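2 protein chains.
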Amino acid sequence: MMLKTHQCGKLTKADVGTTVTLNGWVQRRRDLGGVLFIDLRDRTGIVQTVFNPDFSGEALQVADRARSEYVLAVKGEVVLRDAETVNQNLDTGEIEVRVKEIEIMNAAKTPPFPIEDGVDVDESLRLKYRYLDLRRPEMQRTLLLRSKAAKVFRDFLDGEGFIDVETPILTKSTPEGARDYLVPSRVHPEEFFALPQSPQIFKQLLMVGGLERYYQIARCFRDEDLRADRQPEFTQVDIETSFLSQDQLLELMESLVKRLFSETVGADIPTPFQRITYADAMNKYGSDKPDLRFGLEMEDITDIVATSDVKVFATVAGSGGVVKALNAKGCASWSRKELDDLQPFASRYGGKGLAWVTVKEGEWRGPIVKFFKPEEIAALTERLAAEEGDLLLFSADKKKVVADVLGNLRLKVGRELGLIDESAFKFAWVVDFPLLGWDEEAKRYVAEHHPFTRPNEADVALFDTDPGAIRAQAYDLVLNGYEVGGGSMRIYQREVQEKMFQALGFSPEEAREKFGFLLDAFEFGTPPHGGIAFGFDRLVMLLTGRTNLRETIAFPKTANATDLLTDAPSPVEPSQLEQLHIRTVPKPASKPAAPSGAQA
Amino acid sequence: MMLKTHQCGKLTKADVGTTVTLNGWVQRRRDLGGVLFIDLRDRTGIVQTVFNPDFSGEALQVADRARSEYVLAVKGEVVLRDAETVNQNLDTGEIEVRVKEIEIMNAAKTPPFPIEDGVDVDESLRLKYRYLDLRRPEMQRTLLLRSKAAKVFRDFLDGEGFIDVETPILTKSTPEGARDYLVPSRVHPEEFFALPQSPQIFKQLLMVGGLERYYQIARCFRDEDLRADRQPEFTQVDIETSFLSQDQLLELMESLVKRLFSETVGADIPTPFQRITYADAMNKYGSDKPDLRFGLEMEDITDIVATSDVKVFATVAGSGGVVKALNAKGCASWSRKELDDLQPFASRYGGKGLAWVTVKEGEWRGPIVKFFKPEEIAALTERLAAEEGDLLLFSADKKKVVADVLGNLRLKVGRELGLIDESAFKFAWVVDFPLLGWDEEAKRYVAEHHPFTRPNEADVALFDTDPGAIRAQAYDLVLNGYEVGGGSMRIYQREVQEKMFQALGFSPEEAREKFGFLLDAFEFGTPPHGGIAFGFDRLVMLLTGRTNLRETIAFPKTANATDLLTDAPSPVEPSQLEQLHIRTVPKPASKPAAPSGAQA
């Protein structure tokens, strides 16, 4: 077997005169008047090999049998190309290899799609033949960058004294884990392991165990209804520390992220990152993961229109709602159709409507303008910095609805006005999340993050008066409108934990039932601790400029939680189920429809 | 909160005069005439802190409340100890910290066992309170070394162009995977994912995908009956390469192992490693994972005793069996009881008996000596290099039985004679494993490694004549009698794969049914490839001198596949099972007994 001495994509002028052996795949072959040119591809790139009767001898006949994606070994001399045949588009375009020996290592059927970037192929076909899709340079670059990103995380954390600890995949079903993946046990009938939604409990136990600094690039599992940016199994960089303040932890993480972006894509990320409270993020951007690559902040105008003759404004203002506005600079020229389309856009986010005003030729125009009092127009002009050519957009509703409608409208306008610098990486910490949210259905508070999230010291007294107002020591890292990380400082003091359980409506007995062994652990000298988890798949997606998580994963699953390559999940032998002491229950209704290609 | 400025275990004379804040756990407190000494422990070690009415003020009263495993923050000045109070056993023994401020960060109940090395505690208690067990310096050292070992693997492989790729945990049940862990699917009733026993198929697909060099520190799962050195989930360093020969791969792996041992435990491992064929290993050591820290090789004496009057020898020799002997140097002094104990020892490994001869005062002694002809004694004396004081041990049986009996006897004698250098790391590659083994029950050949293992080139013709004699391009890495890694070059040529399936008795249809998508993949230009997997848990065990895999894993499971800390597996809500379209089947018989403490 002729094994490679050099990499195809790494040959340069410096190798001229060297005899090299290359191994790779046939990217393209051309026969020009009896001279055969084969572009040979390996992981590093493509090089042109030449088979000429003058120097190739029998190798030419053998090469003539090669077709696309055949695996070849060739041996020959690196020579300079003639000036006129230099290919500037190829890293190796200045040279070629004059082949003297060849071995066809393997043949190949014609692939179902061409192995090159930018081809328009149905995704389900790509997933079914993922091993061919992975040969495309774009996919190889992505997987290389993913590997590199993992390495940078590890190198940084290792340098800062973090210990890489593996936590169990076969673990216990969590109290509220209705959507855990379960694993039946052969040895213990009627008992199940669960796959972890995160190593949360174990990482806290490692802090109780005195490890002080832990990390793991951990596989996590959620049996949720999948969206484009969710996978049933996903990867997070999981971190936990003891004896650090929130500020110390966030600063350390900023250095980490700075290094990650520098070493993977050469981006220089300024630190410290902007910090914005949850309240401000919601007020200004209508989102707890604001895209800060552009401004276009929304303004609260409830005070101005509280007694307006615009009835819906006054009514909403009088019943505890809010009225907010967004100034779409220079958008007065939007067509009537564009303005009409705003209504269904608003409804998609739960809004009942969206009022608009254009500023044209020095005056306000639009259906609601006649109801505004002059002093309202004056006040609004000032607050919204309204100028000639602007489009003012108003939403009046419950706070949450206004945030959703105007927050999404802000993104739409930002994109349409080209306000977004697509090459920018704009980070921010969103801090001071609420500790508790009111669950209208259960008529009780629920933990917004989880029941071990530490409240802000200053707010502990509010447990007795206004639990909903307590801010948590919880934080999200936001990048370009995506949440790429999140975490919290944890409760480590018994009294605070008890208050928290009270607020959640758990009796001591219930708390014990739900969190038994963890509460036991906390009795034996728990250090102050806290941590964070980064969504690794999403970070890689943003680093590589992709918009689909599946592009960042070697063997992903479809939105239907199916692996089109291996056809998993699949039926199993009855004997396997018997050993596991379970039996299947056929679904009465028909199976949900699979996405196109899934059953091909 | 008073957060640490320094690490307890890192303070030295160089810090004298510095004011430091430390955070840690109370290891020990002593009250000497109103002066309180508290040994404070963090991940880095222990330091003595002193509370004296002269300089500690109120801190003394607060400190007086502290008990074992309380979490403290203390602030004070590092001072030299008096010469007579220097503690040579402590890295920080030359200094102490005069505390001026203290904060009790958290209280602790009295732990169920002392937090120190070498304590004799029931393992199930340690596992139930793993978070306390992990505080012991020995466990922390082990986890640190494990983390470091992973880092060395990654650094080396990264430097050699290997890409870290994550393969799915939710995957397809393998054809012969009766002992797969299965995961029911909510979206696809009556279908199951399986947890991977190894990423074997995916790593081969990555080679088809042109990645060329892949690695992953991968979690694998086997629902087997557990032994002391097995865990239901375990970790392997999984590696696959394209375009390398077996020799190139093994050399690269030797460099890797050399670096691993150098950087983790400072051991200098000579390379290249010894290579021993499977046949030689079985013949000389009776094992495919020989402990080569000592000699004591067994000798085949079948030819010498073929016509012996020692009936059992002649009978065995005449019926296709073998007779082998081991010379236990200097063991002629073994007592009658020790010699008698050899019989049950032999039976434990399937032997029917074990004959012995001592060489004492120039003559052979023992029950069988009288049956030997003088020329047999002469020939045996020569072949076994028998000398005054030696004990000769004979086993006659089927080849496999003799190997087991004498192989294990060799280990026993080696240990008892102190022939084993416990500080040595003795590596060897065992190569040329048989490709196929005869399955007496199924009356067919089965793959010894797996059905994609490449035969030695020279042996391919034997498919038609003597498949059992084909040697495989398969190899194990053996260390001190443990298999710590294993792999093979894979079949990449269609003709060879077809011969292999024929030898296994699979029709083309059966092969397709079992390995469908992988065979499809192989049609599209598969490069020559091969790989290896290292048992990471076991390597860490050997690196740290432990004898139990559970000591190397932060949160292990018992031999009963139970997590005593979280009490997993456990019953789940009926609604969870309903969503997964399964129902449990109660086991008619009683549940197998749990190990002590498992149900506590």
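In order, the protein sequence lines correspond to chains Y and H.
Residue 10 in our numbering sits at position 18 of the first sequence, with consecutive numbering throughout.
Residue 498 in our numbering sits at position 506 of the second sequence, with consecutive numbering throughout.
Backbone N, C-alpha and C define an ideal beta-carbon position, used for all residues, glycine too.
Computed from a predicted structure; not experimentally measured.
* Asked: With 8 Å set as the bound, which would you pick, yes or no: does the beta-carbon of Y/N600 sit closer than that to a beta-carbon of chain H?
  -> In the structure as shown, chain Y begins at -7 and stops at 592. Residue 600 of chain Y is therefore absent and cannot be evaluated.
TODO: Take Y/S339 as the anchor and find which of Y/E374, Y/S325, Y/A395 has the nearest alpha-carbon.
DONE: Counted from its first residue, the first sequence places residue 339 of chain Y at position 347. Residue Y/A395 holds the alpha-carbon nearest to the alpha-carbon of Y/S339 among Y/E374, Y/S325, Y/A395.
Mapping the DSSP letters down to three states, classify Y/N472 as helix, strand or coil.
As a position in the first sequence, residue 472 of chain Y is number 480, starting the count at 1. Coil, per DSSP.
Report, in whole angstroms, the separation of the C-beta atoms of Y/I268 and Y/A525, which I expect to be a contact under 8 Å.
Position 276 of the first sequence, counted from the start, is the residue given in the question as residue 268 of chain Y. Position 533 of the first sequence, counted from the start, is the residue given in the question as residue 525 of chain Y. The beta carbons of Y/I268 and Y/A525 sit about 20 Å from each other, so the pair does not count as a contact at 8 Å.
For H/Q132 versus Y/G151, is the C-beta spacing smaller than 8 Å?
Looking up residue 132 of chain H in the second sequence gives position 140. Looking up residue 151 of chain Y in the first sequence gives position 159. No, they are not a contact pair.
- Query: Could one say the Cβ of H/T558 lies closer than 8 Å to chain Y's Cβ atoms, at least one of them?
  - Reply: The sequence position of residue 558 of chain H within the second sequence is 566, counting from 1. With 8 Å as the cut-off, H/T558 counts as an interface residue toward chain Y.
**Asked** chain H beta carbons: is any one of them nearer than 8 Å to that of Y/F509?
**Response** Mapped onto the first sequence, residue 509 of chain Y falls at position 517. At a cut-off of 8 Å between C-beta atoms, Y/F509 counts as an interface residue with respect to chain H.
For Y/W421, count neighbouring Cβ atoms within 10 angstroms of its own Cβ and tell me buried if that reaches 16, exposed if not. One-based indexing of the first sequence puts residue 421 of chain Y at position 429. It counts as buried.
Problem - Within 8 Å, strictly: CB atoms of Y/M(-6) and Y/T13 - result: Here residue -6 of chain Y refers to the residue found at position 2 when the first sequence is read from its first residue. Here residue 13 of chain Y refers to the residue found at position 21 when the first sequence is read from its first residue. Y/M(-6) is a Cβ neighbour of Y/T13, given a cutoff of 8 Å.
Three-state secondary structure (DSSP) of H/R57: Here residue 57 of chain H is taken as the residue at index 65 of the second sequence, counted from 1. The DSSP-derived three-state label of H/R57 is coil.
### Message
Under 8 Å, with one C-beta from each stretch per pair, do the segment 466 to 477 of chain Y and the segment 522 to 539 of chain Y reach the 3-pair mark?
### Response
Yes, they touch.
For H/V144, which residues in the same chain have their Cβ closer than 7 Å to its Cβ, ignoring the five residues on either side in sequence? Start at 1 with the first residue of the second sequence, and residue 144 of chain H comes out as number 152. Around H/V144: R251, L252, E255, T256.
| query | If you compare alpha carbons, which of H/G49, H/A553, H/G85 is closest to H/V8? | reply | Looking up residue 8 of chain H in the second sequence gives position 16. Ranking H/G49, H/A553, H/G85 by Cα distance to H/V8 puts H/G85 first.
Given that a residue counts as buried once 16 or more other Cβ atoms are within 10 Å of its Cβ, and exposed if not, what is H/K418?
To locate residue 418 of chain H, count along the second sequence from 1; it is residue 426. By the 10 Å Cβ count, H/K418 comes out buried.
Closest to Y/G517 by CA distance: which of H/K2, H/D31, H/Y62 is it?
-> Taking the first sequence and counting its residues from 1, the one referred to as residue 517 of chain Y is at position 525. Among H/K2, H/D31, H/Y62, the Cα nearest to that of Y/G517 belongs to H/Y62.
Give the DSSP-derived three-state secondary structure of Y/R22 in the structure shown. The sequence position of residue 22 of chain Y within the first sequence is 30, counting from 1. Here Y/R22 sits in strand by DSSP.
Quick check: the segment 203 to 210 of chain H against the segment 228 to 242 of chain H, are at least 3 beta-carbon pairs closer than 8 Å? For the pair of segments examined, the segment 228 to 242 of chain H was found to touch the segment 203 to 210 of chain H: the number of CB pairs separated by less than 8 Å reaches three.
Leaving out five residues on either side along the sequence, give the residues of the same chain with a beta carbon under 6 Å from the beta carbon of Y/K352. In the first sequence, counting from the first residue as 1, residue 352 of chain Y sits at position 360. So the list reads A324, once near-sequence residues are dropped.
Q) For Y/Y474, which residues from the same chain have a beta carbon less than 7 Å from its beta carbon, with the 5 sequence-adjacent residues on both sides left out? A) One-based indexing of the first sequence puts residue 474 of chain Y at position 482. Within the same chain, Y/Y474 has close Cβ partners K281, R530, L534.
So what does Y/T41 bridge to, in DSSP terms?
-> Position 49 of the first sequence holds residue 41 of chain Y. Looking at the DSSP assignment, Y/T41 forms a beta bridge with Y/I30, Y/V89.
message: Assuming contact is defined by CB atoms lying nearer than 8 Å, are Y/T576 and H/H573 in contact in what I supplied?
response: As a working mapping, residue 576 of chain Y is identified with position 584 in the first sequence. As a working mapping, residue 573 of chain H is identified with position 581 in the second sequence. The answer is yes: Cβ separation under 8 Å.
Taking its Cβ as the centre, do 16 or more other Cβ atoms sit within 10 Å of H/V308, making it buried, or is it exposed? Indexing the second sequence from 1 puts residue 308 of chain H at position 316. Burial call: buried.
ask   = What are the boundary residues of the beta strand (DSSP E) that H/K594 is part of?
value = Because chain H spans -7 through 592 in this model, residue 594 of chain H falls outside it and cannot be assessed.
So is Y/P188 buried or exposed if we call it buried at 16+ other beta carbons inside 10 Å? Sequence index remark: in the first sequence, residue 188 of chain Y carries index 196 (1-based). By the 10 Å Cβ count, Y/P188 comes out buried.
* Could you work out which residue in H/T350, H/G354, H/A371 is closest to H/P361 when comparing CA atoms only? => Here residue 361 of chain H refers to the residue found at position 369 of the second sequence. A quick correction: the sequence has Val, not Pro, at residue 361 of chain H. Across the set H/T350, H/G354, H/A371, the C-alpha of H/T350 shows the shortest separation from the C-alpha of H/V361.
Chain Y residues whose Cβ lies nearer than 7 Å to that of H/W17: Indexing the second sequence from 1 puts residue 17 of chain H at position 25. Under the 7 Å cutoff, chain Y gives G202, G517.
- prompt: To the nearest angstrom, how far is it from the Cα of H/V113 to the Cα of H/L135?
  reply: In the second sequence, residue 113 of chain H corresponds to position 121, counting from 1. In the second sequence, residue 135 of chain H corresponds to position 143, counting from 1. CA-CA distance, H/V113 to H/L135, rounds to 20 Å.
Worksheet item: Residues of chain H with CB under 8 Å from Y/Y474, in chain order?
Response: Mapped onto the first sequence, residue 474 of chain Y falls at position 482. The premise fails here: Y/Y474 is roughly 20 Å from chain H at the closest Cβ pair, so nothing lies under 8 Å.
Where does the unbroken beta strand (DSSP E) through Y/K316 begin, and where does it stop? Looking up residue 316 of chain Y in the first sequence gives position 324. Looking at the DSSP string, the run of the beta strand (DSSP E) that includes Y/K316 is 314 to 320.
*Cβ atoms of H/K2 and H/T36: under 8 Å apart, would you say?*
Position 44 of the second sequence, counted from the first residue, corresponds to residue 36 of chain H. Position 10 of the second sequence, counted from the first residue, corresponds to residue 2 of chain H. Yes, the Cβ-Cβ distance between H/T36 and H/K2 is below 8 Å.
Hey, which unbroken runs of the beta strand (DSSP E) at 3 residues or more fall wholly within the segment 377 to 447 of chain H? Listed in chain order, the complete beta strand (DSSP E) runs (minimum 3 residues) inside the segment 377 to 447 of chain H are 383 to 389, 419 to 423, 428 to 431, 436 to 439.
query: Around the C-beta of Y/W17, are 16 or more other C-beta atoms found within 10 angstroms, so that it is buried, or is it exposed?
result: As a working note, residue 17 of chain Y is residue 25 in the first sequence. By the 16-neighbour rule on beta-carbons within 10 angstroms, Y/W17 is buried.
Count the other C-beta atoms from every protein chain shown that fall within 10 angstroms of the C-beta of H/Q489, then say buried if there are 16 or more, exposed otherwise. One-based indexing of the second sequence puts residue 489 of chain H at position 497. In this structure H/Q489 is buried. Its beta-carbon is surrounded by 16 or more other beta-carbon atoms within 10 angstroms.
Review point. To which residues of the same chain is H/F509 closer than 7 Å at the C-beta, ignoring the five residues directly before and after it?
Key: Start at 1 with the first residue of the second sequence, and residue 509 of chain H comes out as number 517. In its own chain, leaving out the 5 sequence neighbours on each side, no residue places its CB closer than 7 Å to the CB of H/F509.
So the candidates are Y/A55, Y/R59, Y/I38, Y/V70; which of them puts its Cα closest to the Cα of Y/N81? Counting from 1 along the first sequence, the entry for residue 81 of chain Y is found at position 89. That would be Y/I38, whose Cα lies nearest to the Cα of Y/N81.
*Residue closest to Y/T77, alpha-carbon to alpha-carbon, out of Y/G49, Y/K67, Y/G310, Y/E88*: Taking the first residue of the first sequence as position 1, residue 77 of chain Y is located at position 85. Cα-wise, what sits closest to Y/T77 is Y/E88.
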